[in-house]
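Participant: Got a structure for you, questions after.
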Amino acid sequence: MPGVHTVGLFKPYERQSADAKEGRTSLVRTNEPSTKNAKVVTAPAPEPKPEQVPGAKKPHPTRSRKEAERERREALHPTLSKAERRKRERQAKFENRDKALQLTEKMPSRELMRNHIDSRRNLAEFALPVMIVILAVLLLGSQFPVLQVIASLATWLLLVLVVLDMWVMWRGYKKLLNERLPNEHTRGLFMYGLNRAMQIRRFRQPAPTIKRGEKF
Numbered sequence: 001m002p003g004v005h006t007v008g009l010f011k012p013y014e015r016q017s018a019d020a021k022e023g024r025t026s027l028v029r030t031n032e033p034s035t036k037n038a039k040v041v042t043a044p045a046p047e048p049k050p051e052q053v054p055g056a057k058k059p060h061p062t063r064s065r066k067e068a069e070r071e072r073r074e075a076l077h078p079t080l081s082k083a084e085r086r087k088r089e090r091q092a093k094f095e096n097r098d099k100a101l102q103l104t105e106k107m108p109s110r111e112l113m114r115n116h117i118d119s120r121r122n123l124a125e126f127a128l129p130v131m132i133v134i135l136a137v138l139l140l141g142s143q144f145p146v147l148q149v150i151a152s153l154a155t156w157l158l159l160v161l162v163v164l165d166m167w168v169m170w171r172g173y174k175k176l177l178n179e180r181l182p183n184e185h186t187r188g189l190f191m192y193g194l195n196r197a198m199q200i201r202r203f204r205q206p207a208p209t210i211k212r213g214e215k216f
């Protein structure tokens, strides 16, 4: 109608409902966790366990007690070839002989003989070098009979002196043995002393422990 103005009706309940909706939406937004700054932690996935099929066979058969014992013996005493076995036997014999020799050399009677020989000057020590010189004279002096005669006499004279020197050595050793080791036997000791006396001092084994002329 002309000249008539319509005035909208004021509805207060609509304003309140709108405010209530905005409040609810704001509460919902504030209660939602922030996904921008949050770190997502994922737990490691469990490893898959092998499925055990009931009644399945083992990859290797279980060893018997005899087989385990045989393998243990094989590890302790491995099977050797003939060459390796002979080599090991030779090494074992050498070690046993060396141990026996060391035990023999430690005998008091032998130690006394070594010290007795090493403390004196032995003609037998120079017998081998002198014999080599005499042999050279005999070979080179075939044109001079006189030299051959002299070399022959020198050879016999050297042998006699060596025998006398060994007799003196043996007599002095038996005297020492009766004084220091009265219950020891003398079997084999003379040849032991002769062999040591014929060796050059620096090559003697066991090595000398005393000097010439030193009392022991």
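In full-length UniProt numbering, the protein residues as written are 1 to 216. Just so it is clear, CB atoms sit at the ideal spot from N, CA and C, and this is done for glycine as well.
So for F126, helix, strand or coil by DSSP?
Facilitator: Helix at F126.
Participant: Between which two residues does the alpha helix (DSSP H) carrying Q91 extend?
Facilitator: Residues K82 to E105.
Participant: Using a 10 Å radius around the Cβ and a threshold of 16 neighbouring Cβ atoms, would you call M169 buried or exposed?
Facilitator: Its Cβ being crowded by 16 or more others within 10 Å, M169 is buried.
Participant: Kindly indicate which three-state DSSP category T155 falls into: helix, strand or coil?
Facilitator: Residue state, collapsed to three classes: helix.
Participant: Kindly list the residues whose CB is nearer than 6 Å to the CB of K174, restricted to its own chain and excluding five residues on each side of it in sequence; keep chain order.
Facilitator: So the list is empty, once near-sequence residues are dropped.
Participant: Would you call the stretch 95-104 and the stretch 134-145 in contact, with 3 or more CB pairs under 8 Å?
Facilitator: Contact between the stretch 95-104 and the stretch 134-145 is absent, because fewer than three Cβ pairs lie under 8 Å.
Participant: Smallest Cα separation from A124: which of F216, I200, G141 and A92?
Facilitator: For the residues F216, I200, G141 and A92, the minimum Cα distance to A124 belongs to I200.
Participant: Can you find the residues in the same chain that come closer than 7 Å, C-beta to C-beta, to A154, ignoring five residues on each side of it along the sequence?
Facilitator: Contacts found: I134.
Participant: With a threshold of 6 Å on Cβ separation, who are the neighbours of R65 within its own chain once the five nearest residues in sequence on each side are excluded?
Facilitator: Hits under 6 Å: none found.
Participant: What does the alpha-carbon distance come out to for the pair K82 and N96?
Facilitator: So the two alpha carbons sit approximately 21 Å from each other.
Participant: Can you tell me which of A68, A197 and R202 puts its alpha carbon nearest to the alpha carbon of A127?
Facilitator: Checked all of A68, A197 and R202; the closest Cα to A127 is A197.
Participant: Would you check if the stretch 203-215 and the stretch 187-194 touch, i.e. whether three or more CB-CB distances between them fall below 8 Å?
Facilitator: No contact exists between the stretch 187-194 and the stretch 203-215.
Participant: Which residues mark the beginning and the end of the alpha helix (DSSP H) in which Q108 is found?
Facilitator: Looking at the sequence itself, residue 108 is Pro, so the reference to Gln does not match. P108 to D118 is the span of the alpha helix (DSSP H), which, as asked, contains P108.
Participant: At the level of alpha carbons, what is the spacing between S109 and P182?
Facilitator: Approximately 10 Å, taken between the alpha carbons.
Participant: Between the alpha carbons of A68 and R88, how many angstroms are there, rounded?
Facilitator: Taking the straight line from one Cα to the other gives about 26 Å.
Participant: Mind checking which residues open and close the alpha helix (DSSP H) that includes residue 220?
Facilitator: Look at the range of the chain in this structure, 1 to 216, and you will see that residue 220 is not part of it.
Participant: I'd like to know whether the C-beta atoms of S152 and I210 end up nearer to each other than 8 Å.
Facilitator: No, these two residues do not count as a Cβ contact at 8 Å.
Participant: Less than 8 Å between the CB atoms is what I'm expecting for M166 and L194, so what's the real figure, rounded?
Facilitator: Going by Cβ atoms, the distance from M166 to L194 rounds to 6 Å, so yes, they are a contact pair.
Participant: What is the DSSP secondary structure of F144, counted as helix, strand or coil?
Facilitator: The answer is coil: DSSP assigns F144 none of H, G, I, E or B.
Participant: Closer than 8 Å, CB to CB, is R86 near chain C or not?
Facilitator: Checking the listed chains, one finds no chain C in this structure; it contains a single protein chain.
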